[in-house]
Structures are given as structure tokens and as C-alpha cells.
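K.L.:
Below you'll find the structure I mean.
Residue numbers (UniProt numbering): 1 to 223.
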């Protein structure tokens with residue numbers, strides 16, 4: 001009896017011999033939004049997935065919103081181009097927002113939090129207990145040197161800034177989809193994983209980091 005009560009309190013349904021964990025995807029989402037942050041063209045997968053979700057009963061009332069990167073001077077033009085593209089793809093999505101402030105520097109507090117999060121994975125130029133940086137690198141190739149951290153500083157700031165924008169716009173969304181950053185061969189894995197952690201930081205809904213292989217998964221109207 002105690003076991004069953006515990007299951008109920010943890011949102012686990014108990015049916016006979018089957019324990020099923022209830023997730024947000026098993027509930028009716030009502031009129032919540034599905035927010036798509038389309039940072040790069042990946043062949044359309046990032047746009048196709050939320051559209052397919054809305055074809056399901058639990059998500060059919062959810063509204064898909066698309067956020068794209070742009071500048072103030074060409075904001076309306078960029079928005080109209082995106083709406084036209086969605087129409088050609090036969091996706092019934094009309095809510096498009098141009099993020100004109102994505103290039104701004106992030107809040108210093110949020111940037112400091114990122115620096116603190118990667119601190120345990122940093123290599124240091126000075127020798128530690130007689131071990132050089134090169135030797136440390138051989139032992140831990142995933143770690144980040146100070147030179148690498150500086151080389152990717154701009155990309156880091158953009159990830160932190162994007163997270164600020166997502167938290168501002170999508171705190172009450174049912175689901176958030178974000179274009180997965182392309183991993184660079186010269187980017188340490190610890191830094192790349194820190195970027196992914198930063199993109200999803202502070203969000204209270206499921207987040208999908210998604211990227212296609214740039215092969216088209218949705219097509220234009222047949223001519």
C-alpha cells in the first residue's frame with residue numbers, strides 16, 4: 001500500500017503489474033505553445049517535428065511559434081520571407097518572431113555562471129604539481145585550455161544570450177525546440193556540452209535540441 005501511494009505522489013500510474021511513468025507528452029497540452037528557435041537551416045527537420053506533434057490529439061490545440069535571427073532594419077522582410085517559406089512547405093504556421101537582440105552581450109551574471117560551470121574542466125597554462133598543460137591534455141583531451149576558451153568566447157556568449165531570450169519568451173511553453181549547435185572538431189567536448197547545458201538552463205518545460213543533416217525532409221509544392 002505504501003508503495004502504491006508513493007507511485008501516485010510521483011506521478012506514476014499503477015495498473016496491475018505495469019508501472020508507467022506519466023510524462024508531459026501523455027497529457028493534453030491545451031492551448032500552450034510549441035516554440036521553435038530556428039537558428040540554422042537543417043533541411044526542415046526542426047520545423048517538421050513540431051508540426052507532426054500538432055497532428056496528435058494531445059497537441060492539436062497547441063500553437064507553433066517560430067523564432068528566427070534577424071536585425072531591426074530587415075525585420076519585417078525576414079519575417080515575411082519565413083512565413084512564405086512555411087507556406088511553401090505547406091506548414092500551417094503563421095506566428096513568426098524575429099529576434100533582433102540576439103547579438104547583444106549577455107547579462108554578466110549569466111556569463112559568470114557559465115564560467116563557473118566550466119571551471120572544473122579547465123586546463124591551466126601554469127604547471128600543476130610538475131605536470132605541463134600538454135601532459136594534462138593527453139590525460140584529459142575533453143578539457144578546455146585557456147586558449148580554446150578565448151577562441152570560442154563569442155560562440156559562448158551567443159549561447160548564453162540565446163538562453164536569456166528563450167527564458168524570456170518561452171517560460172510557459174509546452175515544448176521548446178532549438179537548433180542543435182554544430183560541433184567543431186577543434187572544440188573541446190566539455191565546452192560543447194556546457195553550451196548545450198546553457199541553452200536549456202532555467203527552463204521548466206521539455207527542450208529538444210535538434211538538427212537534421214541538411215537533407216530536405218519537407219518539400220515545396222509540386223510545380
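Glycine residues also receive a C-beta, built at the ideal position from the N, C-alpha and C atoms.
Taking the straight line between their C-alpha atoms, what separation do you get for residue 148 and residue 183?
P.N.:
Taking the first residue of the chain shown as position 1, residue 148 is located at position 148. Taking the first residue of the chain shown as position 1, residue 183 is located at position 183. Cα to Cα, residue 148 sits roughly 14 Å from residue 183.
K.L.:
Within its chain, find whatever has a CB closer than 7 Å to the CB of residue 121; leave out the 5 residues flanking it on each side and keep chain order.
P.N.:
Indexing the chain shown from 1 puts residue 121 at position 121. Here the set comprises 143, 144, 190.
K.L.:
Going along the chain, which residues of its own chain have a beta-carbon closer than 8 Å to the beta-carbon of residue 97, five neighbours each way excluded?
P.N.:
In the chain shown, counting from the first residue as 1, residue 97 sits at position 97. Here the set comprises 65, 66, 67, 68, 79, 169.
K.L.:
Can you give me the Cβ contacts of residue 208 inside the same chain, cut-off strictly under 6 Å, excluding the 5 residues immediately before and after it?
P.N.:
Stepping through the chain shown from its first residue, residue 208 is reached at position 208. 177.
K.L.:
Does residue 46 come out as helix, strand or coil in the three-state DSSP assignment?
P.N.:
The residue labelled residue 46 in the question sits at position 46 within the chain shown. Three-state DSSP puts residue 46 in a helix.
K.L.:
For residue 143, report the span of its beta strand (DSSP E) as first-last.
P.N.:
On the chain shown, residue 143 is found 143 positions in, with the first residue counted as 1. Premise fails: residue 143 is in no beta strand (DSSP E) and is neither H nor E.
K.L.:
Comparing C-alpha positions only, which one of 57, 61, 39 sits nearest to residue 173?
P.N.:
Numbered from 1 along the chain shown, position 173 holds the residue referred to as residue 173. Checking every option, the nearest Cα to that of residue 173 belongs to 61.
K.L.:
What are the start and end residues of the alpha helix (DSSP H) that includes residue 198?
P.N.:
For this step, residue 198 is matched to residue 198 along the chain shown. Residues 189–199.
K.L.:
Between residue 27 and residue 55, is the Cβ-Cβ spacing less than 8 Å?
P.N.:
As a working note, residue 27 is residue 27 in the chain shown. As a working note, residue 55 is residue 55 in the chain shown. No; because the gap between Cβ atoms is not below 8 Å, this pair is not in contact.
K.L.:
Find out if the Cβ-Cβ distance for the pair residue 157, residue 105 is shorter than 8 Å.
P.N.:
Within the chain shown, numbered from 1, the residue matching residue 157 stands at position 157. Within the chain shown, numbered from 1, the residue matching residue 105 stands at position 105. Cβ atoms of residue 157 and residue 105: closer than 8 Å.
K.L.:
Report the start-end ranges of each beta strand (DSSP E) in the segment 48–110 that is 3 residues or longer and not cut off at the edges.
P.N.:
With a minimum length of 3 residues, the continuous beta strand (DSSP E) runs that stay inside the segment 48–110 are 63–69, 95–99.
K.L.:
How many angstroms separate the CA atom of residue 81 from the CA atom of residue 41?
P.N.:
Sequence index remark: in the chain shown, residue 81 carries index 81 (1-based). Sequence index remark: in the chain shown, residue 41 carries index 41 (1-based). Roughly 13 Å separates the two Cα atoms.
K.L.:
Could you work out which residue in 139, 101, 91 is closest to residue 71 when comparing CA atoms only?
P.N.:
Position 71 of the chain shown, counted from the start, is the residue given in the question as residue 71. Taking only the C-alpha atoms, the option nearest residue 71 is 101.
K.L.:
Over the uninterrupted beta strand (DSSP E) stretch that includes residue 39, give me the two end residues.
P.N.:
Counted from its first residue, the chain shown places residue 39 at position 39. Element bounds for residue 39: n/a, residue is neither H nor E.
K.L.:
Sorted by chain position, which residues of the same chain lie with C-beta nearer than 6 Å to residue 127's C-beta, five sequence neighbours on each side aside?
P.N.:
Walking along the chain shown from the start, residue 127 turns up at place 127. Here residue 127 scores only 47 on pLDDT, less than 50, and its place in the model should not be relied on; the value that follows carries that caveat. Excluding positions up to five away in sequence, the list is empty.
K.L.:
Output the distance between the C-alpha atoms of residue 116 and residue 36, rounded to the nearest integer angstrom.
P.N.:
For the purposes of this step, residue 116 is taken as the residue at position 116 of the chain shown. For the purposes of this step, residue 36 is taken as the residue at position 36 of the chain shown. Computed Cα separation, rounded: 29 Å.
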